[in-house]
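Undergrad: Dumping the structure here so I can ask a few things about it.
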Amino acid sequence: MKLIFERSTPGLSCEILPPCDVEAYELKAEQQRGQELRLPEVTEGEISRHYTELESQTFGVNSGYYPLGSCTMKYNPKINEEIAGLPGFADIHPLQPAHTVQGCLEALRLAEKLLCEITGMDYMTFQPAAGAHGEFTGLVLIKKYHESRGDKKRTKIIVPDTAHGTNPASATMAGFTTVSISSGQDGLVDLEALKAAVGEDTAGLMLTNPNTLGLFEKNIVEIAEIVHQAGGLLYYDGANLNPVMGIVRPGDTGFDIVHLNLHKTFSTPHGGGGPGSGPVGCKAFLAKFLPVPRVEEKDGEFYFSGDYENTIGSMKAFYGNFLVVLKALAYILTLGREGIPEAAKSAVLNANYMMKKLEDLYQVAYPGRCMHEFVLTAEPLKKKTGVSALDIAKGLLDNGMHPPTVYFPLIVHEALMVEPTDTESKQSIDEAVKVYRELYEKACTDPEALHQAPVKTAVRRLDEVTAARNPILRYNFD
Amino acid sequence: MKLIFERSTPGLSCEILPPCDVEAYELKAEQQRGQELRLPEVTEGEISRHYTELESQTFGVNSGYYPLGSCTMKYNPKINEEIAGLPGFADIHPLQPAHTVQGCLEALRLAEKLLCEITGMDYMTFQPAAGAHGEFTGLVLIKKYHESRGDKKRTKIIVPDTAHGTNPASATMAGFTTVSISSGQDGLVDLEALKAAVGEDTAGLMLTNPNTLGLFEKNIVEIAEIVHQAGGLLYYDGANLNPVMGIVRPGDTGFDIVHLNLHKTFSTPHGGGGPGSGPVGCKAFLAKFLPVPRVEEKDGEFYFSGDYENTIGSMKAFYGNFLVVLKALAYILTLGREGIPEAAKSAVLNANYMMKKLEDLYQVAYPGRCMHEFVLTAEPLKKKTGVSALDIAKGLLDNGMHPPTVYFPLIVHEALMVEPTDTESKQSIDEAVKVYRELYEKACTDPEALHQAPVKTAVRRLDEVTAARNPILRYNFD
Amino acid sequence: MGSYIPNSKAEQQKMLDFLGLASFDDLYNEIPDKVKLKGGLNIPAGKSELEVRRQMEALAGKNKVFRTIFRGAGAYRHYIPAIVKAVASKERFVTAYTPYQPEISQGVLQSIFEFQTMICELTGMDTANASVYDGATACAEAITMCVDRKRDEVFVSATLHPDYLRTVKTYCYAAGRKLVVVPEKDGVTDLAFLKENLNEKSAVFLMQQPNFYGIIEDAEACFKVAREAGAKSVMCINPIFAAIGKTPRECGADIAVGEGQPLGISLSFGGPYLGFMACVQELTRRLPGRIVGQTKDIEGKRAFVLTLQAREQHIRREKASSNICSNQALCALTAACYMSTMGPTGLKEVANQCLAKAHYAAKHISSLPGYELVFDAEFFHEFVTRCPVDVNKLMAKLEEEGILGGYPLEGPYEGCILWCFTEMNTKEEIDRLVAILKEGIQE
Amino acid sequence: MGSYIPNSKAEQQKMLDFLGLASFDDLYNEIPDKVKLKGGLNIPAGKSELEVRRQMEALAGKNKVFRTIFRGAGAYRHYIPAIVKAVASKERFVTAYTPYQPEISQGVLQSIFEFQTMICELTGMDTANASVYDGATACAEAITMCVDRKRDEVFVSATLHPDYLRTVKTYCYAAGRKLVVVPEKDGVTDLAFLKENLNEKSAVFLMQQPNFYGIIEDAEACFKVAREAGAKSVMCINPIFAAIGKTPRECGADIAVGEGQPLGISLSFGGPYLGFMACVQELTRRLPGRIVGQTKDIEGKRAFVLTLQAREQHIRREKASSNICSNQALCALTAACYMSTMGPTGLKEVANQCLAKAHYAAKHISSLPGYELVFDAEFFHEFVTRCPVDVNKLMAKLEEEGILGGYPLEGPYEGCILWCFTEMNTKEEIDRLVAILKEGIQE
Ligand SMILES: Cc1ncc(COP(=O)(O)O)c(C=O)c1O
Ligand SMILES: Cc1ncc(COP(=O)(O)O)c(C=O)c1O
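Residue numbers (this note's numbering), protein chains in the order written: chain A, 522 to 999; chain B, 522 to 999; chain C, 50 to 492; chain D, 50 to 492.
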């Protein structure tokens, strides 16, 4: 594929603006840009073909099976996109007076109410722009909470070794030290290890439930007790809420703070890497620390609060990825009371079904009932045939499917983390199972073929080492 | 690819409507449908994937070079689509009172004025839904005209043998007999043949100019004189207006009636086969015969005329493919006075450039200056190598390009009719030329490879004979 | 001036040089000077995108978008699901042309094959084509299918949509065919007239179901008469009604046609819409226009292709069954997507809601003094009432409330109103309408 | 209730049977009963698409869409070309995720690589990342890049956007970093203060260009001071201004960040927007977030891939340069498409029209009694005036005319107005504004 710069022809352009209708103005020479501005010079037709080509080399949820573990690649309903595109939302300036944005404010309040009910929380902020941003927000709340009580020694955040990388990274950003605790044989938090880890310096525990092995932390009540008794708070990484929404609420199992990934659980599209939305909910006793501005309601009128005395401040400009929140809101309204748990159950059923269809060939890392996803280990296969998890992933590419997440969670060797999601049909799972099984056979009979895969894709395996060693990070015009 | 019926699962559906809020009503048994209604039962996600797959197996103008002769596959600007989608146009009922549709009526009038100026006509109707529909409309005008003068013997329409198939077919629909005249050595209307053909029974001549060989009928003034003197009218098939718009106007060369293909010359998209729009313009003396309703203007107010006394009636319900007209209007406003001839010149330059780059290998059927397109004949190649025009076309498919029109016009054996259009770049033409030349080499060295082409497409060559002999025209549910 | 030309002046000069031409004008040496346009086109200079958008938005702003619509008469506001709009605007569907090269056009071809199948299912017919321009031209083309040298007289019911009737008349005039309009009696086709006038020259009888006045006619009886006279029968059917009403096939029609706009296509001030055509097996090869068939590629893979092309203009020229070339393919794709989205249950639900709401409205409107139903006959989602006040004033009043009232009839029922109700009209809206009508009477 | 689940009850039963489970509830055996939700969620029942649309449209209807906008303050209304919207809504760009599998994600990867290049071109920097959440977090992340054990004090100008400043404060609070706000004097950064207070613990100085008040600051002078004190410099720059204004690199910045919303992204009530970050070569490996690099596949074909991942959270966990994972990729693609559409000439034209219109407006507004310019400094497309009347009343009056007036300032300049003018504001609109302001004074 050509780069857009390679499609450029000096002198071409799209004619977008009318000539200026007022007198020109010139900056002082010393305020002017000296450097040439090398942007593409192309007509609209050229741009259109360029992005059509780029799109054709992009695999989306609509292209086929996309069971990327931990990412909940569910179908993104079109009505949500249409709603987010309404001029009454898309063309609203964030600093309009409150009486001219009552619809936006009401939407935020409504989303807050619904998501509080779903999570069992009392308040929610939509400022965080993604899950990791939500984690960070939550951890700053924890920090502020302890500080507000004059409790300055709580500098540690406990994080299970199955946790997503964002958890410890967020802890660092919030000035905490991460204490990693290893999981038990069953893939769950080891209560003894936890007990050993907590103490006077414990600020809190971050937990994903179901965890990244797809297992429900069934000792959650005990875990909460241990942490709370030690004086710490419980933080819920909501990236995996999908299989339990409407079934069990983090707030009811002892969590004090949660973040949600609206772009996972609530069907907003992932945009090739974003934008997402990572709202943070908390129990009432933490509300005064939430970031500002907050939407308040009085006599049916909505408005933004001013600064709260104890607020942690702001996590970004304005109020979060508003249009993403709208899409999630439309989704929740659509599913409603019965639809939410129905989607959860479908996710769990699909995952268990697929796991059972594969477990005789691929080894399940932690067997038993899984929730929305399950983790296979290709380690035995690799020992036997030399074919790795990565090889299997690349083999899937040749079959028109997106591979599962590979090599995560880190505690499983040669991990293949499969999350079919609720919006996948039995038919497509059956087709996927067939391919997974064929690839297993292939690994046994012709491992080299899989080392060579993919062969049908637009490009083949990349030289990632050179990419990192001698990075070329921008187009070279010369 | 699966058919949508094969994706169906009994019991599934999209939830689109709320429950009915008034009491149900039931038809009498004898008015009810007895037969089962076997439509697909699918969720939205399934539909979305289905059409994503169908789209991926569809080649559009944005997919690449698309020089389909006679079809003017130029770039379709996005702004036009946005405009046609404005609720102020898309959500307007055709039978709203005139004062509530002043914008629609003004748009139609404006389009009429602009296109009259471009064609040199006095009036225009937008009722015809496509080019062929326009031809039919024009021919009925001719019929009515002669009839109105009591001239009942004019039953013949003269059509050059290079004409598009719709020309004679339209003549038949209008109750005329087609007289086909063969072209001269130079690919142009043979004046002697024309003189021989005209007579008291001549209703008119249909002419495409430039003609379907891409040649300008330079004797057009003489042609017009011959026909007019014989008492016939001159009809202009406007499908090929693109290379001469703003340069020469049919109305100035003696034509009495024209149709335009807005979906060719004026950049409205082809929609996989339609909708198009085929407005018909005429000189003032024919205006009273035009179809109704017509948009009229009085004191800045627009309204629809009632029935005219001499009107031929209606060509369809309402006023034509309105949204298509809007797109063309936006295009004309964008190009304007200088842009229209500029586009024409670009089309001619591109065609001549590409022709000259190929003429040493592929034989040009009628050498010389071409307009927007040129016709090659693969006959010598076929004699030499056995590789036909069709084989070349299929070879192009493997190179990611849409082939030219093949086997048309009928008077050229093994015809390849190439129309690059104005929106193609030198760069892409150069790339195409390279491929055309490579295919020529291939034909000489490995003809079998081309008989086998395409090999890279989703499906390979089809069994068209069986398709027509034992037609399967719908999905079989059993 | 917006330019879509991807060659710079410098490159164009290179190309001219390559051609050995001094200037652009030389490209047009073949055109006699005397006919060339002097002084350029007398139209405004080109405009930037922003200017064009402003101008067109200003035009759109001069139209009134009604929140509530109780008008049909051939163009119906139904709910269009978001997925349908998303699919119909997919770039390659929009920008491709007729699938002449099947190997790279399976998407468009398959979409038409699916459309054909659905139209067959709706109408009960054996074969459908890929579309014609609209409902009116579908009627006209169906008539052409039935006419031959022996039988060339055409019978059409007066209860057909007036625009369709006018179109059919024009087509018949063009082809030199005799057209007999079967009169209407009490809002339905005059069966007695039909019986008396059909003869051995009669080729076809065409009627609309529900008819222009919304009435569900006794089509079976009419078609029986036609069949007995040796003429073919054509039913122009509303496709939403077809989901619950007796199919054309069940009524004995040989050909079913109709306007597909209700199947997910926006009102669009009248177009582009979608003419559909389907027929019994025997008439397949008389169908006009594109038809897609299933076949195999040389490797045995299922594939689709334009077929039976020997009927068409590009092969048969003056002997073709029609002149149609470009059709309404994208609208057909839209309709197929709509039918898939609604599914059998959903499409019936649309029909049943139309039926229920129209009857609810009829009950309440007709109970107002002066608004009696004009016809005593079963209807689908449209019906005609009298109007005790000045129709134009009434419409103006409704307009103030953002309501597009029923269609004021002309001709024999001048002064009466043709109302239409669909699933888009809530009970609340209907009640509000009734209240306004009531107020109007009391004033 | 809308259901997106593609398995029927019958199929789900088959799947349960296969798993040997009696019911759905058995799927959740692992969850202790006592924590399970009893009685279901207390939220409304699910709704059909039509109902949801109506509800959301009603909400949208409660917002006022201003025809004319003279307000910026961090969110700018520019013209968004049709092609940009068409490209940004392409389904696969919308529904893909982070391109972990490069072989099937070259489209997204290349779009980011192109974006990175354009951001480098705009800012004059060597390396850019794939985006962060917005302008405010870009500032915060840039600061983190500069801090190390030896130098951990942060200097930020008070002329930074208040939301950005608040965000930076929160990030500094979290990390336990000292933050010094360099005061503002006459609308610009107090250079003397900066000079006096920078010290060997100072890690970084960050300022905004044009600053919150629209003023083009003497960034070069500030950065020189910072460099001399051994601190890094960060410029938060408006990307439209960057097309004509001195680049961050030319001003001596080490890092350039900013809010990319003006590059083709709609106002959207504040998000999603686009944080961009670029830096000099030496700091590349301290950049947070995704970075796309060029490489080859095993056949030697050029290809793109996420690279330098050793900086990132999924590899380095607590030692990562940032926690960012999901970013604003689709917004980055949108911005790249916007920049391609405008091209160098077009982008400069946007900037120059902003500049010209703001100066035209400033001339006329400030000539009205009481509307004097507050600062005597060069500005780009925003400027501050006093207001001789009650600001809220003035805004209400403008609102009646469909105009969103300038932003009423709080804090030190309470009672003053921050006006913004872009290429979207016609001379006519500006003249109308001036006329209304004039009327207001006379009343
Ligand atoms: C378990 C878990 N936690 C947190 C995150 C971070 O979310 P985001 O990418 O929205 O920042 C992810 C995302 O992959 C995740 O899977
Ligand atoms: C020369 C010519 N005339 C007429 C037509 C018919 O136009 P339409 O397909 O719009 O009916 C065509 C279309 O291919 C054409 O090329």
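We treat Cβ as the ideally placed atom computed from N, Cα and C, and that holds for glycine.
1. Looking at R126 (chain C) and G451 (chain C), is the spacing between their C-beta atoms short of 8 angstroms?
2. Where do the N-terminal and C-terminal ends of the beta strand (DSSP E) with F895 (chain A) fall, by residue?
3. When the Cα atoms are used, what is the spatial distance from K295 (chain C) to I265 (chain C)?
4. Can you tell me where the alpha helix (DSSP H) with G489 (chain C) in it begins and where it stops?
5. Is N78 (chain D) buried or exposed, if buried means 16 or more other CB atoms sit within 10 Å of its CB?
6. Are there three or more Cβ pairs, one per stretch, closer than 8 angstroms when the stretch 340–354 of chain D is compared with the stretch 859–868 of chain A?
7. Within the chosen definition, does the stretch 132–146 of chain C reach the stretch 560–571 of chain B through at least 3 CB pairs nearer than 8 angstroms?
8. Which of the residues in the stretch 765–790 of chain A, read from start to end, lie with their CB under 7 angstroms from any CB of chain C?
9. Taking all protein chains shown into account, do 16 or more other C-beta atoms lie within 10 angstroms of the C-beta of V306 (chain D), making it buried, or fewer, making it exposed?
10. If you compare alpha carbons, which of B:L937, B:L616, B:K915 and B:V719 is closest to Q750 (chain B)?
11. Give the interface partners of I600 (chain A) over in chain C, defined as CB-CB distance under 7 angstroms, in chain order.
12. For Y53 (chain C), return the contacting residues in chain A, with the cut-off set at a CB-CB distance below 8 angstroms.
13. Evaluate L482 (chain C) with the Cβ neighbour count: other Cβ atoms within 10 Å of its Cβ, from every protein chain shown; 16 or more gives buried, anything less gives exposed.
14. Taking the C-alpha atoms as reference points, what is the distance between E367 (chain C) and L660 (chain B)?
15. Considering only the alpha carbon of each residue, which of C:T176, C:S160, C:S282 and C:V157 lies closest to K206 (chain C)?
16. Is G799 (chain B) near ligand 2, with its Cβ less than 7 angstroms from a heavy atom?
17. Along the chain, where does the alpha helix (DSSP H) that runs through M105 (chain D) open and close?
18. Can you tell me whether N248 (chain D) is buried or exposed? The criterion is at least 16 other CB atoms within 10 Å of its CB, across all chains shown.
19. With DSSP as the reference, label Y220 (chain D) as helix, strand or coil.
20. Can you determine whether any heavy atom of ligand 1 sits closer than 7 angstroms to the C-beta of T333 (chain D), and answer yes or no?
21. Quick one, which of A:P618, A:P790, A:Y666 and A:K903 has its alpha-carbon nearest K111 (chain D)'s?
22. Should P93 (chain D) be labelled buried (16 or more other beta-carbon atoms within 10 Å of its own) or exposed?
23. Whole-angstrom Cβ separation of P250 (chain C) and E202 (chain C), contact assumed at under 8 angstroms?
24. Assuming D672 (chain A) and S703 (chain A) make a contact with CB atoms under 8 angstroms, what is their CB distance in whole Å?
25. Under three-state DSSP, which class holds L709 (chain A)?
26. Identify the residues that DSSP records as bridge partners of M473 (chain C): which are they?
27. For T699 (chain A) and V976 (chain A), what's the separation of their Cα atoms in angstroms?
28. Within its chain, find whatever has a CB closer than 7 angstroms to the CB of M391 (chain C); leave out the 5 residues flanking it on each side and keep chain order.
29. Is the Cβ-Cβ distance between I414 (chain D) and L458 (chain D) less than 8 angstroms?
30. Under a three-way DSSP split, which group does G606 (chain B) fall into?
31. Could you check if S371 (chain C) belongs to the surroundings of ligand 2, using beta carbon to heavy atom distance under 7 angstroms?
TA: A quick look at the data gives this:
1. Residue 451 (chain C) sits at position 402 when you count from the first residue of the third sequence. Residue 126 (chain C) sits at position 77 when you count from the first residue of the third sequence. No, the pair does not count as a contact, with Cβ atoms beyond the cut-off.
2. To locate residue 895 (chain A), count along the first sequence from 1; it is residue 374. Per DSSP, F895 (chain A) belongs to the beta strand (DSSP E) from F895 to T898.
3. On the third sequence, position 246 is the one that residue 295 (chain C) refers to. On the third sequence, position 216 is the one that residue 265 (chain C) refers to. Cα-Cα distance, rounded: 10 angstroms.
4. Walking along the third sequence from the start, residue 489 (chain C) turns up at place 440. Its alpha helix (DSSP H) spans residues K476 to Q491.
5. Taking the fourth sequence and counting its residues from 1, one reaches residue 78 (chain D) at position 29. With a threshold of 16 other beta carbon atoms within 10 Å, N78 (chain D) falls short and is exposed.
6. Fewer than three pairs of CB atoms, one per stretch, sit closer than 8 angstroms, so the stretch 340–354 of chain D makes no contact with the stretch 859–868 of chain A.
7. Touching, per the Cβ criterion.
8. Listed in sequence order: no entries.
9. Sequence index remark: in the fourth sequence, residue 306 (chain D) carries index 257 (1-based). V306 (chain D) comes out buried.
10. Within the second sequence, numbered from 1, the residue matching residue 750 (chain B) stands at position 229. Comparing Cα positions, the closest option is B:V719.
11. Walking along the first sequence from the start, residue 600 (chain A) turns up at place 79. Chain C residues near I600 (chain A): A131.
12. Sequence index remark: in the third sequence, residue 53 (chain C) carries index 4 (1-based). For Y53 (chain C), the neighbours in chain A by C-beta distance under 8 angstroms run, in chain order, T564, E565 and G566.
13. Here the question's residue 482 (chain C) lines up with position 433 in the third sequence. L482 (chain C) comes out buried.
14. Here residue 367 (chain C) refers to the residue found at position 318 when the third sequence is read from its first residue. Here residue 660 (chain B) refers to the residue found at position 139 when the second sequence is read from its first residue. Rounded to the nearest angstrom, the gap between the Cα atoms of E367 (chain C) and L660 (chain B) is 14 angstroms.
15. Here residue 206 (chain C) refers to the residue found at position 157 of the third sequence. At residue 206 (chain C) the sequence reads Ser, which differs from the Lys that was named. S206 (chain C) has its Cα closest to that of C:S282, out of C:T176, C:S160, C:S282 and C:V157.
16. Here residue 799 (chain B) corresponds to residue number 278 of the second sequence, with the count starting at 1. Because some heavy atom of ligand 2 lies under 7 angstroms away, the Cβ of G799 (chain B) counts as near it: yes.
17. For the purposes of this step, residue 105 (chain D) is taken as the residue at position 56 of the fourth sequence. In the DSSP annotation of this structure, the continuous segment of the alpha helix (DSSP H) that includes M105 (chain D) starts and ends at E98 to G110.
18. Along the fourth sequence, read from residue 1 onward, the residue named residue 248 (chain D) stands at position 199. By the 10 Å Cβ count, N248 (chain D) comes out exposed.
19. Within the fourth sequence, the letter at position 171 stands for residue 220 (chain D). In the structure shown, Y220 (chain D) adopts helical secondary structure according to DSSP, grouped into three states.
20. The sequence position of residue 333 (chain D) within the fourth sequence is 284, counting from 1. The answer is no for T333 (chain D).
21. On the fourth sequence, residue 111 (chain D) is found 62 positions in, with the first residue counted as 1. The shortest Cα separation from K111 (chain D) among A:P618, A:P790, A:Y666 and A:K903 belongs to A:P618.
22. The residue labelled residue 93 (chain D) in the question sits at position 44 within the fourth sequence. The residue in question, P93 (chain D), is exposed, as its Cβ has fewer than 16 Cβ neighbours within 10 Å.
23. Locating residue 250 (chain C) in the third sequence gives position 201, counting from the first residue. Locating residue 202 (chain C) in the third sequence gives position 153, counting from the first residue. For the record, residue 250 (chain C) in the displayed sequence is Lys; it is not Pro. In this structure, K250 (chain C) and E202 (chain C) form a Cβ contact; the two beta carbons are roughly 5 angstroms apart against a cut-off of 8 angstroms.
24. Position 151 of the first sequence, counted from the first residue, corresponds to residue 672 (chain A). Position 182 of the first sequence, counted from the first residue, corresponds to residue 703 (chain A). The pair is not a contact, with the Cβ atoms about 27 angstroms apart (cut-off 8 angstroms).
25. One-based indexing of the first sequence puts residue 709 (chain A) at position 188. L709 (chain A): coil per DSSP, three-state reduction.
26. On the third sequence, position 424 is the one that residue 473 (chain C) refers to. In the DSSP assignment, no residue is bridged to M473 (chain C).
27. Numbered from its first residue, the first sequence carries residue 699 (chain A) at position 178. Numbered from its first residue, the first sequence carries residue 976 (chain A) at position 455. Answer to the nearest angstrom: the Cα atoms are 42 angstroms apart.
28. Reading the third sequence from its first residue, position 342 is the one you call residue 391 (chain C). Apart from sequence neighbours up to five positions away, the residues of its chain that approach M391 (chain C) with a beta-carbon distance below 7 angstroms are V399, ordered along the chain.
29. In the fourth sequence, residue 414 (chain D) corresponds to position 365, counting from 1. In the fourth sequence, residue 458 (chain D) corresponds to position 409, counting from 1. Not a contact, by the Cβ cut-off of 8 angstroms.
30. On the second sequence, residue 606 (chain B) is found 85 positions in, with the first residue counted as 1. Here G606 (chain B) sits in coil by DSSP.
31. What you label residue 371 (chain C) is simply residue 322 of the third sequence in a count that begins at 1. No, since every heavy atom of ligand 2 falls outside the 7 angstroms radius drawn around the Cβ of S371 (chain C).
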